[in-house]
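Okay, so here's the structure we're looking at.
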DNA sequence: CATGAATGAGACTTCATTCAT
DNA sequence: TATGAATGAAGTCTCATTCAT
């Protein structure tokens, strides 16, 4: 038996050094698996997806997945961490270039919807994950999510200090409402009813409503 | 998963015919099961919940559940239909009593958050369900959800016609944003970070922002 | 997922109260499984035996095994505990009826070989188990085994005190040698080369050698 | 289990042809692998040991093992054959130097226990292997084992012919009892309860008992 | 109607073995 | 020869569903 679970640290990637060389795709096999996972998880949902579905979509054998991830759930977690991480990184590098809080808020709105428009599947996954209830997921996903909300809350807070936003609104409530509004727009879109480009228009309208609503 | 009987129509509800009889609750077994299901689904998530968990929580035998529902998924669907149905019914009967669109919108906001505050568990389920992705669920849940959004959109639309709301915003976008904002506030609360009563304050603030944002 | 392992205590047996009633065998289903397990484990070895083999041999479905045992290993452990327990019980009730240590030693020899002759398969399992190396098994099996050896050692010790056995031999060494000698005879027999009745003759010869060897 | 190639003959040993070359040990890779295998098999048991564990312990790549052995089981078999072979060879060369059967029997006893004391791990493996039950192993291991027992039986038989041993005991039964007694002492020791040097004392005592028991 | 023991399909995961480098 | 990433067969175990009582 000896289920020697090498628990603790993330799995090492076999041969980090020989990167892109062979067939099919430029990316590493780990990335191929993650890319495939986004697709199938989004299409069928996490629970309805079998590991073998991910493997097939990635063009690898079932067992290969376990060379890069500890479990099916670990694939989902990695997905979440990778993507939200990059969203946060993007915010950290781009937002400071803008001067005022309203400008930044508009940017966040476009960004979140833009991310989703580009990766509708990832969008579904991100918003679903934080509602999935295994304790493990909650523990891992929640902090990232909170970090994202806090980043928005800080923009609101800064705007209030600069006199750009009314001060009778809690920055945290505002942040959640903003995130939720974006998410609400996304989800209906993800459910299938919206045509291409609709998100961009929605983003503008939403920004208009929120900024006017937040004006002092 | 085992033995998915591809049967067809909804089951008749044995409870319809001989209402309240036993002890415990006014409703009959079917209701006991649904009540139990809300609790355990919300606590553990749909997939992590076993039929036997629901049975135990409802105080019935595993097999009994199959006298009232065709499958575990059917329990979830019934739950969703019953509750959203009653929410829609409530909207249909109460909103007309209010005169203006802004008033009605405030009412919807309080109602949605109020529903959630009263039934946090049901709240989690409703928002999670529409993101659970078996095709069956999507097909069944989406229409109800859309109906709810449409009800909100009609309020916005009426408000625009009455000159209470700006007209450069799509009622549908507005509806989705409103729903999402509410949901966004709810979910953080559901994730555990907010104290009791916070939802009420958040509702007021949110209504302020949205109404001012939507003002002509 | 929710692998709710009800760890800790032994599993309850479904409906202890309705014992023997229906088809196939008098014994309980748990016993049917244990009986089948002895056979297939002995024939194929523990690791080479699939749970489904045990199930098939017991005439139950695979899943049924998990209603009575926590795992495949738990079946083996239960087997071991049940049988050695009964051997120890037998010793405790029968040996006191004999007067002298030599008589008792002869009885033990006949008993151990008799048990094996009657249950060749169980014999293989008992002797194999204490050499299998999962920590769990060692921890569970060793104490029972030691208890058995100690029972033999006490006979030797008593014999020395009564002047029936030489005193320059450690009772514990003697016990182990006696057990081993019996086991050695058994194993060759189990390997297939001995005809029926050979064990009885071997028992007599062995007793002769050992008793003379141990004489003062 | 995967991919059991039903191939036929033993592999040639690459090491035969170009003996010691690299660092670490006098023997070549094949021997390094066998040495490593003794250690890990004894520590974790055969089934709980992964080929990669053996590889890691031997300091070679997983695939390398298959250059020297046809399968994991073949490693075990080779181990067994090598070691028992050398034990038999030792008996064949050393025993004839002794004059009487009793002397030889004492030598065998010391030898078997001595072998074990020197290589406790190998001891565990030898005694466990003959009880592991894949048919293949039984077929391969049993003959060697029988050969060893026969060698002991011949000593007894010769002793009977020379008038050193009583003749009412079957030499084969005696051989098995002797082997088993030794094994019984070893196993308790292997289970961890005895201190160093205990085996030597046990050997003397055992020899005393057996020789007196076998005396005419 | 109710029960709950039994069923068995199917999921996740492991790991012996292969083979391109 | 040596490597070790990749493979995929197969096993253990879970749990939705059934059905005899």
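Chains as they are written, first to last, in our numbering: chain A, 1 to 216; chain B, 1001 to 1216; chain C, 2001 to 2216; chain D, 3001 to 3216.
Where is the CB? At the ideal position from N, CA and C, for every residue including glycine.
On a predicted model such as this, the values are computed, not experimentally measured, just so you know.
The beta-carbon distance between residue 3212 of chain D and residue 2212 of chain C, rounded to whole angstroms, is 7 Å. This is short enough to meet the 8 Å contact definition.
For residue 3185 of chain D, same chain residues with a beta-carbon under 6 Å away, outside a window of 5 residues either side, are 3202 in chain order. Sequence-distant partners of residue 36 of chain A (beyond 5 residues in either direction) whose C-beta falls short of 7 Å from its own C-beta, in its chain, are 54, 57, 58. Residue contact with chain B for residue 75 of chain A: absent (no Cβ-Cβ distance below 7 Å to any residue of chain B). Per DSSP, residue 1056 of chain B is one residue of the alpha helix (DSSP H) stretching across 1051-1058. If you ignore the 5 residues before and after residue 2179 of chain C, its C-beta comes within less than 7 Å of the C-beta of 2149, 2152, all in its own chain and listed in chain order.
Taking a C-beta distance under 7 Å as the contact criterion, residue 1069 of chain B and residue 1060 of chain B do not qualify as a contact pair.
In the assembly as shown, residue 3078 of chain D is a buried residue. Its beta-carbon has 16 or more other beta-carbons within 10 Å.
Residue 2165 of chain C places its beta carbon less than 7 Å from that of residue 2214 of chain C. Among the CB atoms of chain D, one or more fall inside 7 Å of the CB of residue 2209 of chain C. Counting only residues of its own chain and dropping the five nearest sequence neighbours on each side, residue 3159 of chain D has a CB closer than 6 Å to the CB of 3101, 3165. Around residue 1083 of chain B, no beta-carbon contact reaches into chain A at under 9 Å, the shortest distance being about 17 Å. Taking 7 Å as the cut-off, the beta carbon of residue 3113 of chain D is found no closer than this to the beta carbon of residue 3104 of chain D. Counting the other Cβ atoms within 10 Å of the Cβ of residue 3163 of chain D gives fewer than 16, which makes it exposed. Collapsing the DSSP output to three states places residue 2216 of chain C in coil. Of the residues D:3139, D:3043, D:3038, D:3174, the one whose Cα lies closest to the Cα of residue 3109 of chain D is D:3174. Counting along the chain, residue 3041 of chain D sits inside the alpha helix (DSSP H) bounded by residues 3029-3044. Residues of the stretch 43-74 of chain A with a Cβ closer than 7 Å to any Cβ of chain B, in chain order: 44, 45, 47, 48.
A direct Cα-to-Cα measurement between residue 1161 of chain B and residue 1051 of chain B gives close to 50 Å. In the DSSP assignment, residue 167 of chain A falls outside any alpha helix (DSSP H) and carries neither an H nor an E.
Not a single CB atom of chain C sits nearer than 7 Å to the CB of residue 3163 of chain D. Taken through DSSP and simplified to helix, strand or coil, residue 1205 of chain B comes out as helix.
The Cβ atoms of residue 3122 of chain D and residue 3083 of chain D sit closer than 7 Å to each other. Taking a C-beta cut-off of 9 Å against chain C, none of the residues of the stretch 3096-3108 of chain D qualify. At least one CB atom of chain C sits nearer than 7 Å to the CB of residue 3183 of chain D. Each residue's CA atom was taken as its position, placing residue 2044 of chain C and residue 43 of chain A some 45 Å apart. Scanning chain C for C-beta atoms nearer than 7 Å to the C-beta of residue 3202 of chain D yields 2173, reported in chain order. A straight line joining the alpha-carbon of residue 2204 of chain C with that of residue 3172 of chain D spans about 14 Å. The Cβ-Cβ distance between residue 1206 of chain B and residue 1181 of chain B falls below 7 Å. Contact check for residue 1049 of chain B against residue 1040 of chain B passes: the beta carbons are separated by less than 7 Å. Put simply, the CB of residue 1177 of chain B is near chain A, with a gap under 7 Å to one of its CB atoms.
Not a single C-beta of chain A is nearer than 7 Å to the C-beta of residue 1030 of chain B. A check of alpha carbon separations from residue 81 of chain A across A:154, A:107, A:145, A:187 identifies A:145 as the nearest.
Listed along chain B, the residues sitting closer than 8 Å to residue 169 of chain A by beta-carbon distance are 1205, 1208, 1209.
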